[in-house]
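Trainee:
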Amino acid sequence: MSELLNFNYPPEPAVDRVTLFADVILPLPLPKLYTYRIPFEMNDDVLVGARVIVQFGAKRVLSCIVADIHEQAPADYQAKYILDVLDDTPIVTAPQLKLFKWIADYYMCTLGEVINAALPSALKLSSESRIQLHPHFNPEEDDIPLSTQEAKIIYALQQNQHLTFTDVANVLQVKSYHKYIKSLIQKEAIIIFEQVSDKFSPKVVKKVRLSEHFVQEEGMLEELFEQLTPKTKQLDILLNYLQQVPVHQDVNLNYKGLEKSVLTNNPHLSKSSIDSLIKKGVLEQFDQIISRFPVDDSPRLLPMTLSEHQLQAKDEILGLFKEKDTVLLHGVTGSGKTEVYIDLIKHALEGGGQVLYLLPEIALTAQIVTRLMKVFGEKLGVYHSKFSDNERAEVWQGVLSGRFQVVVGVRSAVFLPFHNLSLIIVDEEHEASYKQYDPAPRYNARETALMMAHLQGAKTLLGSATPAIETYYNCQTGRWGLVSMTKRFGEAQLPDVELINTREEQHRKNMHSHFSGKLLTAIEERLHRHEQVILFQNRRGYAPFIACDECSWIPKCRNCAVSLSYHKFSNELRCHYCGYHERMPSDCPACGATTLKSMGFGTEKIEDELKLMLPKAEVQRMDLDTTKKKNSYQQIIADFENGKTNILVGTQMVTKGLDFENVSLVGILNADSIIHFPDFRAHERAFQLFVQVSGRAGRKGKPGTVFIQTRDPMQAIFRKVKSVDYEALYAHEIEERMRFAYPPFVRMIRVTVKHADERTSENAAIVLAKDLTDRLGKQQVLGPEIPYIFRIRNLFLNEIHIKLPRENVNLRQAKGQIAQAIQQLYLLPDFKGVKVVADVDPM
Ligand code: ADP
Ligand code: ZN
Ligand code: ZN
0 MSELLNFNYP PEPAVDRVTL FADVILPLPL PKLYTYRIPF EMNDDVLVGA
50 RVIVQFGAKR VLSCIVADIH EQAPADYQAK YILDVLDDTP IVTAPQLKLF
100 KWIADYYMCT LGEVINAALP SALKLSSESR IQLHPHFNPE EDDIPLSTQE
150 AKIIYALQQN QHLTFTDVAN VLQVKSYHKY IKSLIQKEAI IIFEQVSDKF
200 SPKVVKKVRL SEHFVQEEGM LEELFEQLTP KTKQLDILLN YLQQVPVHQD
250 VNLNYKGLEK SVLTNNPHLS KSSIDSLIKK GVLEQFDQII SRFPVDDSPR
300 LLPMTLSEHQ LQAKDEILGL FKEKDTVLLH GVTGSGKTEV YIDLIKHALE
350 GGGQVLYLLP EIALTAQIVT RLMKVFGEKL GVYHSKFSDN ERAEVWQGVL
400 SGRFQVVVGV RSAVFLPFHN LSLIIVDEEH EASYKQYDPA PRYNARETAL
450 MMAHLQGAKT LLGSATPAIE TYYNCQTGRW GLVSMTKRFG EAQLPDVELI
500 NTREEQHRKN MHSHFSGKLL TAIEERLHRH EQVILFQNRR GYAPFIACDE
550 CSWIPKCRNC AVSLSYHKFS NELRCHYCGY HERMPSDCPA CGATTLKSMG
600 FGTEKIEDEL KLMLPKAEVQ RMDLDTTKKK NSYQQIIADF ENGKTNILVG
650 TQMVTKGLDF ENVSLVGILN ADSIIHFPDF RAHERAFQLF VQVSGRAGRK
700 GKPGTVFIQT RDPMQAIFRK VKSVDYEALY AHEIEERMRF AYPPFVRMIR
750 VTVKHADERT SENAAIVLAK DLTDRLGKQQ VLGPEIPYIF RIRNLFLNEI
800 HIKLPRENVN LRQAKGQIAQ AIQQLYLLPD FKGVKVVADV DPM
C-alpha cells in the first residue's frame, strides 16, 4: 500500500483539446445516423440525449438528438461542425434511446422516424432557441435566490414574453451568458424552447393589481377612496378587488393580483372602469404565465377500500411479480380492475418509481382519468392524442423534471422520457388501437411497453376482460403470470345475453327497419323505468353505400376501391379511407333515375330512426363524426352520466371501458358483419367486441340485458359470448392458430407493395415475393395476393405475408433479409416509384 502511495505518477496529459464527434438522430427517415464534429468550445456542453443544431444538406438547419459521442471520425465523409447546443440537460433519457433503437430494429423503420413520432413538435423545432419564464415560476412569489445577472434576465423576461440568446447577451452586456441561463434552468425559473410558428408558447392570463404605492405607503388607500367617491363604477371595482384580495390584511397578497375576468364577475361591474383605473395608474396590468394543467385543488380522495376479491388479486399480482416481469389480470367486465390498478400504482409510487398507465383511447376513458386525478392529483400527467402540441411538450418536460410521476396516456405515451419506471399498466391490452398502422413506426404499444419495462427493470401488468389470444398463450406456457377475477364488484351480475333472429323476425313482419319488435319494446320499457340504453353499430355515417334502384349504379371513391358512405347530416358521400367526399347526387348520374336507395345502415341512421320511433327519448350519437372537437366526447359522456341522454348510439367507442350506473340494456344491431370478416382474428375480435359492449350493462346492482340481432343465432361464437366463456374461445382459437400457423406460433410480417399503376404494383410484388422466397424459404412466404381493398389513395396494393416460425429463426437476420430484398427491388428500373411497407406483427 505505502509503496503505491509513494509512487510518483507522471503529470496527466492535457485533455481539453480532444477532438470529439457526435452521432445524431435527425428527424428524417434516413437509414443511418450522421456524425458531426463537436467544436472544442462545446466539448463539455454536448450531451447524449440533448439536442444540438446542425446543418443538413445545403440549406437545412435542423435540431437533432445526440445519440452517441466518440472520437472516431467518419470514414467516408468530412464531418461538419455542430452549430449550437440547445439543451443543458438531456431531453431524451438513456433508456429511451435504447428503446427507440429497439423500435427501429423490431418494427423495421429508421431511428429518425421513431424520433419524429416520439418528440412533440414543440421539441423538434428548427430555427432559433429562446428562453421564457418557467410556467410554474412566479417571480413575485417564489423565493428563489437569484444573482444580479439572473435577476436581470428574469426582469427582461417579465417585460418580454421570450428572449433569444442574443437578446440575453445584450441585456447582460456580457459575452458568456451561458452559465446564467443554465443556472436559471436548474432553478426551474426558465425553460428553453424553440420557436418556429406556434411552438411552446405559454398560456397566459391577464391580471391586474393595485399600483405599488397604494399598498406600500401609509394612508394612500384612504385617499384613493375619497378621490373615487364620485366615480361609483370605479369605486365598485376597487371594492370588489379589495374584497377578493384583502391587501389591508396582508400587503403581499397584492403581488398575486386578480384575473381581470374575475374582477368583473358581477354584471354591474364594467371592463371600461377597469381600463380607466389602469389609465389613472391606480391599477396595473400584468400577464401571468400559468400551467396548462391547473393543479386540482379539490381534496384528495382516498382510494376506495378494496373488496376481498380485489385484495386477493392485488396480493397475487405482487406475489407473481417476485418471479415474473409480466402478469395478466384477467377480470370480467365490472370486476373492479381500475381500483386494483390504483392500489398498485400507489404501491409503486411509495417505492419511488415512475408509473405509466396505458389506455387504448383516452377519449373513451375520461372517466378513468377523473378517477385517477382525484387520487394522484398533480402527480398525474395525461398524454392525449387530442392535446395540442404545447400540452404534449409540457407533459414531456413534466416527466423529465419529475413533476409527473404517474402518466396516463394513449399508445404514444410509450415515447415519454421516463428513466425510472417501476410499473407499467396496459389496460384493455387486447385492443387493436395499441397498434399504429401508418405511418412508421408501425409499433404496438403493448409490445413496446414490455420492452420499455425490460430496459428499466419495471414490471408490466396487462389487464383485460377478453385477453388477446397471444397474451393468454404466454400465461398458459408459464412465461407470464395470470391472475383472474371472475365476479363483478359488489352485488352486480354479468348481464343476460339474448339472441334475436332477424331473419325470422323479418318473416313474421316484426322488423321495424333495423329494429326487431323485441328490441324496440325492451328499449321502451327501459325508458319507462328511467333506465338507460346503449346501442352499438359498427359503421358510422347513415349508410355504407347507396345504389340506384333502376340500373344498380353504386358510387365509388375515385381514389380507393371502396364504395362511398352516405352521410345524411352533411348530405355527402364520403370515403372512410382517404377522406374524399362529394355532394349526394339528387339523381343517378348513370341513368338519370331519381331512385337512389341507401343500403345497409350506420349509426347516423339508427339515431335518425330512433328519433322518429321514440320521439320522447333523448338520443345521442358517439362516433368519429360527433367527436372531432377536443371536448365533444367528454360532453357526450357527461350528458349520459347525468341522465340527460336516454339512449347512446355509437360505434366501438361505446364498447370500451365506460362505466355507467344506470344502463340496463345494451343492443347490438347487426352482429353478422362483425363475425364475417376475412381475417384470422375475426372470431377473437367478435368475441371481444360483443363481451366488451355487453359489459356496459348492469354494472351497478341493476340487472342488465343484452340483445344481439343476428340472422344466424346458431353460430358457435354466440354460445361463448352468452356464457362469457373465454376459456372455450381460447381453446378453439389456439388450436386453429396452431393448425394453420398463425400467431402466437409464428411471427407475421406483412409486406405491402404500392404503385399507382396496377400492373407495376402486381409485377413488383411478384419479383419481391420471389426474392423473399429465395432468401427465406418457400414455407415462409405467402403471396403475393390482392387484398380485399385493393386500391387506397390512388395506389394499387399487393400483399405478401411472411410467416416466421417462433423457434429456430434468427428474427433479426430474417428482417435484415427482408430489408435487403426491398432495397434490391428499389434498384430495379422497371419499378421506379414503387413503395414497399413492412408491417411487423400486423393486427
Ligand atoms: P372494470 O374495469 O373491471 O370493468 P371498474 O374498475 O370500472 O371495473 O369497476 C366497476 C364498478 O365498481 C365501478 O363503478 C367502480 O367504481 C366500482 N368499484 C370497484 N371497486 C370498488 C371498491 N373497492 N369500492 C367501491 N366501488 C368499487
Ligand atoms: Zn341508375
Ligand atoms: Zn377514398
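First residue of the sequence shown: 0, per numbering that gives the first Met the number 0; consecutive thereafter.
Where is the CB? At the ideal position from N, CA and C, for every residue including glycine.
Here's a check: name, in chain order, each residue in its chain whose Cβ is nearer than 7 Å to the Cβ of Phe488, leaving out the five neighbours to either side.
Mentor: Your numbering for residue 488 matches position 489 in the sequence shown. Answer for Phe488: Ser306, Gly333, Ser334 and Gly335, listed in chain order.
Trainee: Mind reading off the beta-carbon distance from Val354 to Val405? Whole number of angstroms is fine, and I expect it under 8 Å.
Mentor: In the sequence shown, the residue the question calls residue 354 occupies position 355. In the sequence shown, the residue the question calls residue 405 occupies position 406. Correct: roughly 5 Å between the Cβ atoms.
Trainee: Would you kindly work out how many angstroms separate the C-alpha atoms of Val750 and Glu757, rounded to a whole number?
Mentor: To locate residue 750, count along the sequence shown from 1; it is residue 751. To locate residue 757, count along the sequence shown from 1; it is residue 758. Taking the straight line from one Cα to the other gives about 17 Å.
Trainee: Measuring only the C-alpha atoms, how far is Gly666 from Leu647?
Mentor: On the sequence shown, position 667 is the one that residue 666 refers to. On the sequence shown, position 648 is the one that residue 647 refers to. Each residue's Cα considered, the two are about 10 Å apart.
Trainee: Give me whichever residues DSSP pairs with Thr704 in a beta bridge.
Mentor: Numbered from its first residue, the sequence shown carries residue 704 at position 705. Per DSSP, Asp495 and Leu664.
Trainee: Given Cys590, which residues of its chain have a CB within under 8 Å of its CB, disregarding the five upstream and five downstream residues?
Mentor: Locating residue 590 in the sequence shown gives position 591, where the first residue counts as 1. Result list for Cys590: Cys547, Glu549, Cys550 and Trp552, in chain order.
Trainee: Do you know how far the Cα of Phe39 is from the Cα of Val17?
Mentor: As a position in the sequence shown, residue 17 is number 18, starting the count at 1. As a position in the sequence shown, residue 39 is number 40, starting the count at 1. Between Val17 and Phe39, the C-alpha separation is close to 7 Å.
Trainee: CB of Tyr576 to nearest heavy atom of ligand 3: below 7 Å?
Mentor: Position 577 of the sequence shown, counting from 1, holds the residue named residue 576. For ligand 3, at least one heavy atom lies less than 7 Å from the Cβ of Tyr576.
Trainee: Could you tell me the distance, in whole angstroms, from the CA atom of Glu393 to the CA atom of Pro138?
Mentor: One-based indexing of the sequence shown puts residue 393 at position 394. One-based indexing of the sequence shown puts residue 138 at position 139. Cα to Cα, the separation comes out at about 20 Å.
Trainee: Identify whether Tyr442 lies in helix, strand or coil by the three-state DSSP scheme.
Mentor: As a working note, residue 442 is residue 443 in the sequence shown. Residue state, collapsed to three classes: coil.
Trainee: Hey, how far is the Cα of Asp75 from the Cα of Phe20?
Mentor: Working through the sequence shown from its first residue, we reach residue 75 at position 76. Working through the sequence shown from its first residue, we reach residue 20 at position 21. Spanning the two alpha carbons is a distance of roughly 14 Å.
Trainee: Please return the same chain residues whose Cβ sits closer than 6 Å to the Cβ of Cys556, not counting the five positions on each side in sequence.
Mentor: Working through the sequence shown from its first residue, we reach residue 556 at position 557. Once the five neighbours on either side are set aside, the close Cβ partners of Cys556 are Leu563, Cys574 and Tyr579.
Trainee: Have a look at Phe375, Gln158 and Ile180 and flag the residue whose alpha-carbon is nearest the alpha-carbon of Thr165.
Mentor: Your numbering for residue 165 matches position 166 in the sequence shown. Comparing Cα-Cα distances from Thr165 to each of Phe375, Gln158 and Ile180, the minimum goes to Ile180.
Trainee: Where does Pro54 sit, in a helix, a strand or coil, going by DSSP?
Mentor: In the sequence shown, residue 54 corresponds to position 55, counting from 1. Checking the sequence, you will find Gln at residue 54 rather than Pro. DSSP places Gln54 within a strand segment (E or B) once states are collapsed to three.
Trainee: Less than 8 Å between the CB atoms is what I'm expecting for Ala592 and Tyr565, so what's the real figure, rounded?
Mentor: To locate residue 592, count along the sequence shown from 1; it is residue 593. To locate residue 565, count along the sequence shown from 1; it is residue 566. Ala592 to Tyr565, Cβ: 17 Å. No contact.
Trainee: Can you tell me whether DSSP reads His575 as helix, strand or coil?
Mentor: Numbered from 1 along the sequence shown, position 576 holds the residue referred to as residue 575. Assigned with DSSP and collapsed to three states, His575 falls in coil, not helix or strand.
Trainee: If we ignore side chains and look at the alpha-carbon of each, how far apart do Leu343 and Lys313 end up?
Mentor: Counting from 1 along the sequence shown, the entry for residue 343 is found at position 344. Counting from 1 along the sequence shown, the entry for residue 313 is found at position 314. Computed Cα separation, rounded: 7 Å.
Trainee: My output table needs one value for Ile423: the three-state DSSP class, helix, strand or coil.
Mentor: Taking the sequence shown and counting its residues from 1, one reaches residue 423 at position 424. Ile423: strand per DSSP, three-state reduction.
Trainee: Mind checking Ser260: buried by the 16 CB within 10 Å criterion, or exposed?
Mentor: Locating residue 260 in the sequence shown gives position 261, where the first residue counts as 1. With fewer than 16 Cβ atoms within 10 Å of its Cβ, Ser260 is classed as exposed.
Trainee: What I want to know is whether the C-beta of Thr304 ends up closer than 7 Å to one or more non-hydrogen atoms of ligand 4.
Mentor: Ligands displayed in this structure: ligand 1, ligand 2 and ligand 3; ligand 4 is not among them.
Trainee: How many Å lie between Ile190 and Ala681 at the Cα?
Mentor: By 1-based counting over the sequence shown, the position of residue 190 is 191. By 1-based counting over the sequence shown, the position of residue 681 is 682. Each residue's Cα considered, the two are about 50 Å apart.
Trainee: Reducing DSSP to helix, strand and coil, say where Asn809 ends up.
Mentor: Position 810 of the sequence shown holds residue 809. Coil at Asn809, not helix or strand.
Trainee: Would you call the segment 441-459 and the segment 410-426 touching, i.e. three or more CB-CB distances under 8 Å?
Mentor: yes
Trainee: Where do the ends of the alpha helix (DSSP H) carrying Pro144 lie?
Mentor: On the sequence shown, residue 144 is found 145 positions in, with the first residue counted as 1. From DSSP, Pro144 is part of no alpha helix (DSSP H); its letter is neither H nor E.
Trainee: May I ask you to check if the CB of Tyr579 is nearer than 7 Å to at least one heavy atom of ligand 3?
Mentor: By one-based count along the sequence shown, residue 579 stands at place 580. Checking the Cβ of Tyr579 against ligand 3 gives yes.
Trainee: If the criterion is Cβ atoms closer than 8 Å, does the pair Lys643 and Ala740 meet it?
Mentor: Locating residue 643 in the sequence shown gives position 644, where the first residue counts as 1. Locating residue 740 in the sequence shown gives position 741, where the first residue counts as 1. Not a contact, by the Cβ cut-off of 8 Å.
Trainee: Would you list the residues sitting across from Cys63 in a DSSP beta bridge?
Mentor: By 1-based counting over the sequence shown, the position of residue 63 is 64. Per DSSP, Val51.
Trainee: Determine the burial state of Phe639: buried for a count of at least 16 other Cβ atoms within 10 Å of its Cβ, exposed for fewer.
Mentor: Counting from 1 along the sequence shown, the entry for residue 639 is found at position 640. In summary, Phe639 is buried, with 16 or more beta-carbon neighbours lying within 10 Å of its beta-carbon over all protein chains present.
Trainee: Just list the alpha helix (DSSP H) runs in the segment 770-840, keeping only unbroken ones of 4 residues or longer that don't cross its boundaries, in chain order.
Mentor: 810-826
Trainee: Would you check whether ligand 1 has a heavy atom nearer than 7 Å to the C-beta of Phe338?
Mentor: Position 339 of the sequence shown, counted from the start, is the residue given in the question as residue 338. Note that residue 338 is Glu in the sequence shown here, rather than Phe. Yes, since a heavy atom of ligand 1 falls inside the 7 Å radius drawn around the Cβ of Glu338.
Trainee: Is the Cβ-Cβ distance between Thr470 and Leu317 less than 8 Å?
Mentor: As a position in the sequence shown, residue 470 is number 471, starting the count at 1. As a position in the sequence shown, residue 317 is number 318, starting the count at 1. No; because the gap between Cβ atoms is not below 8 Å, this pair is not in contact.
Trainee: If we ignore side chains and look at the alpha-carbon of each, how far apart do Leu237 and Gly401 end up?
Mentor: Residue numbering aside, residue 237 sits at position 238 when the sequence shown is read from its first letter. Residue numbering aside, residue 401 sits at position 402 when the sequence shown is read from its first letter. Cα to Cα, Leu237 sits roughly 41 Å from Gly401.
Trainee: What alpha helix (DSSP H) runs, 4 residues minimum, are completely inside the segment 612-644?
Mentor: 631-640
Trainee: Taking only the alpha-carbon atoms, compute the straight-line gap between Met583 and Leu572 and give it to the nearest angstrom.
Mentor: Taking the first residue of the sequence shown as position 1, residue 583 is located at position 584. Taking the first residue of the sequence shown as position 1, residue 572 is located at position 573. C-alpha separation (whole angstroms): 6 Å.
Trainee: Determine the extent of the alpha helix (DSSP H) in which Leu858 is found, giving its start and end residues.
Mentor: Because the chain is modelled from 0 through 842, residue 858 falls outside the range shown and cannot be assessed.
Trainee: Which whole runs of the alpha helix (DSSP H) in the segment 674-758 are 4 residues long or more, in chain order?
Mentor: 681-693, 715-721 and 725-738
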